[in-house]
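Counted from 1, the sequence shown has number 36 at position 27 by this note's numbering; the numbering is strictly sequential.
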Amino acid sequence: MAADFYCADSENGDHVDDPSEDALFELVSDLNGTDNTFVVIQPDEDDPAWFASVAVLETGGYEIVRRDTSRREHDVTVETSIDQIAGDLTKWLATRATQNTA
């Protein structure tokens, strides 16, 4: 079954359709500096107009990238709190999901 709105894929092959805030928390928690350094969340379609990614930084913490070409948004932040990352991404993703159903 395909995702209704978006999916998350990590470097190690984990895949979650329409991830909840808890699922995003788990995906980010599982990131490490060796073999699972990033997770990407985007619509489950060819040539998506937006994406978000979280990557482990060598210096500690995570780099979060949010890009939406339809809104001309490109935001890069650094965060150390996985709770904060999961919550912020959930809100950002909800805006894109409701935009697609309107």
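Ideal Cβ placement from N, Cα and C applies to all residues, glycine included. What you are looking at is a predicted structure, and each value in this text was computed from that prediction instead of being measured.
Could you tell me which of the options sits nearest to residue i, measuring between CA atoms?
| i | options | result |
| --- | --- | --- |
| residue 44 | 63, 27, 19 | 19 |
| residue 46 | 53, 62, 85, 57 | 62 |
| residue 82 | 60, 90, 70, 23 | 60 |
| residue 55 | 100, 101, 99, 15 | 15 |
| residue 64 | 23, 80, 41, 84 | 41 |
| residue 97 | 66, 23, 79, 74 | 74 |
| residue 72 | 90, 80, 78, 58 | 90 |
| residue 101 | 30, 21, 23, 24 | 30 |
According to DSSP, is residue i part of a helix, a strand, or is it coil?
| i | result |
| --- | --- |
| residue 110 | For residue 110, the pLDDT reaches just 47, beneath the cut-off of 50, and the residue's location in the model is therefore unreliable, although a value from the coordinates is still provided. Residue 110 falls in the helix class under three-state DSSP. |
| residue 34 | helix |
| residue 78 | helix |
| residue 40 | coil |
Around the Cβ of residue i, are there at least 16 other Cβ atoms within 10 angstroms (buried) or fewer (exposed)?
| i | result |
| --- | --- |
| residue 111 | Because residue 111 sits at a pLDDT of 46, beneath the cut-off of 50, its placement in the model cannot be relied upon, and the point is left open. |
| residue 33 | buried |
| residue 106 | exposed |
| residue 17 | buried |
Give the DSSP bridge partners of residue i, in chain order.
| i | result |
| --- | --- |
| residue 103 | Beta-bridge pairing links residue 103 to no other residue. |
| residue 73 | 63, 86 |
| residue 18 | 24, 49 |
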